[in-house]
Amino acid sequence: DAKTTQPTSMDCAEGRAANLPCNHSTISGNEYVYWYRQIHSQGPQYIIHGLKNNETNEMASLIITEDRKSSTLILPHATLRDTAVYYCIVRGTRQGAQKLVFGQGTRLTINP
Amino acid sequence: DTAVSQTPKYLVTQMGNDKSIKCEQNLGHDTMYWYKQDSKKFLKIMFSYNNKELIINETVPNRFSPKSPDKAHLNLHINSLELGDSAVYFCASSHPLARQPQETQYFGPGTRLLVL
Numbered sequence: 007d008a009k010t011t012q013p014t015s016m017d018c019a020e021g022r023a024a025n026l027p028c029n030h031s032t033i034s035g036n037e038y039v040y041w042y043r044q045i046h047s048q049g050p051q052y053i054i055h056g057l058k059n060n061e062t063n064e065m066a067s068l069i070i071t072e073d074r075k076s077s078t079l080i081l082p083h084a085t086l087r088d089t090a091v092y093y094c095i096v097r098g099t100r101q102g103a104q105k106l107v108f109g110q111g112t113r114l115t116i117n118p
Numbered sequence: 007d008t009a010v011s012q013t014p015k016y017l018v019t020q021m022g023n024d025k026s027i028k029c030e031q032n033l034g035h036d037t038m039y040w041y042k043q044d045s046k047k048f049l050k051i052m053f054s055y056n057n058k059e060l061i062i063n064e065t066v067p068n069r070f071s072p073k074s075p076d077k078a079h080l081n082l083h084i085n086s087l088e089l090g091d092s093a094v095y096f097c098a099s100s101h102p103l104a105r106q107p108q109e110t111q112y113f114g115p116g117t118r119l120l121v122l
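Residue numbers (this note's numbering), protein chains in the order written: chain Z, 7 to 118; chain X, 7 to 122.
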């Protein structure tokens, strides 16, 4: 599975959009980009995933560049409860059990 | 309703003891996982079971033995506990077939193990 690079930490003001970048320059054609987050003392939580088109759900938007070498997770109106570590993960879609390979993630702090 | 539950939430024990952590999911998933998050907060896969069959077994000491009595349960038994086993252990489950576009893993709340 492709390796990802994320900034160690970011800050964002409450109510503003939080844009979290991820580089995955070695991604291959059949690999998806997944985002999970881990709020303090909780288990990781799935946010969104995509292949090459931009995706949006009730939690966030995912923008993937045309060459698929990087992506941005957007939390449109960040709240204090969005403070968490955000993980960008790239992996394929083989059937059967698949492990998630977590990097260090980005520690996002939402400030009042 | 809890989707993936783990017991106990906290576990404090002495070196050398044997302990078990239980995991149950009520999502109807057929694949379950154990992950370990160490003190540096790195989260790593340990095991995965699909339909009670071991699918993934990372480089984990033999003292760790997962057991899956049925698809809804995956327990983790640890023999001869060591100081380095102190960590947070997360159970997860997924349904890797067509119910969802791609596999999404759902995590439990974690079990905080402290070995003294």
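Glycine residues also receive a C-beta, built at the ideal position from the N, C-alpha and C atoms.
Here the segment 80-97 of chain X makes contact with the segment 25-41 of chain X; the two share three or more CB pairs at distances below 8 angstroms. Taking C-alpha positions only, X/His35 is separated from X/Ser74 by approximately 13 angstroms. Taking a Cβ-Cβ threshold of 8 angstroms, the residues of chain X close to Z/Lys105 are Tyr39, Ile51, Ser54, Ile62 and Glu64, in chain order. Taking Z/Asn117 as the centre and dropping the five residues before and after it, the same chain places the C-beta of Asp17, Cys18, Ala19 and Glu20 closer than 8 angstroms to its C-beta, in chain order.
Residue environment for Z/Ala24: buried (at least 16 other C-beta atoms within 10 angstroms of its C-beta). The secondary-structure analysis by DSSP pairs Z/Thr115 across a beta bridge with Z/Asp17. Contacts between Z/Tyr92 and chain X, judged by CB atoms closer than 7 angstroms, are missing: the closest CB pair is about 13 angstroms apart. Separation of the CB atoms of Z/Val91 and Z/Arg22 is rounded to 19 angstroms, and the pair is thereby denied contact status at 8 angstroms. A direct Cα-to-Cα measurement between X/Tyr55 and X/Lys77 gives close to 8 angstroms.
Inter-residue distance for X/Ser100 and X/Gly114 is about 12 angstroms (C-alpha atoms, whole angstroms). Among the bridge pairs identified by DSSP, X/His79 is matched with X/Glu30 and X/Asp76.
Within the segment 48-68 of chain Z, the residues whose Cβ lies closer than 8 angstroms to some Cβ of chain X are Gln48, Gly49, Pro50, Gln51, Tyr52 and His55, listed in chain order. Per DSSP, the unbroken beta strand (DSSP E) holding X/Ala93 starts and ends at Ala93 to Ser100. With fewer than three CB-CB distances shorter than 8 angstroms, the segment 57-77 of chain Z does not count as touching the segment 103-115 of chain Z. Distance from the CA of Z/Pro50 to the CA of X/Gly22, rounded to the nearest whole angstrom, comes to 30 angstroms.
The Cβ-Cβ distance between Z/Gln12 and Z/Gly109 falls below 8 angstroms.
At the C-beta level, Z/Leu79 and Z/Asp88 stay beyond 8 angstroms of one another.
Contact annotation: X/Leu87 and X/Lys28 have beta-carbon atoms that are not nearer than 8 angstroms.
With fewer than 16 other beta carbons inside 10 angstroms of its own, X/Phe48 counts as exposed. Scanning X/Val66, X/Lys58 and X/Leu60 for the CA closest to the CA of X/Lys50 turns up X/Val66.
Taking the Cα positions, X/Glu64 is about 12 angstroms away from X/Ser71. For Z/Thr32, the closest C-alpha among the options Z/Leu106, Z/Thr14 and Z/Ile95 is that of Z/Ile95. In the structure shown, X/Arg69 adopts coil according to DSSP, grouped into three states.
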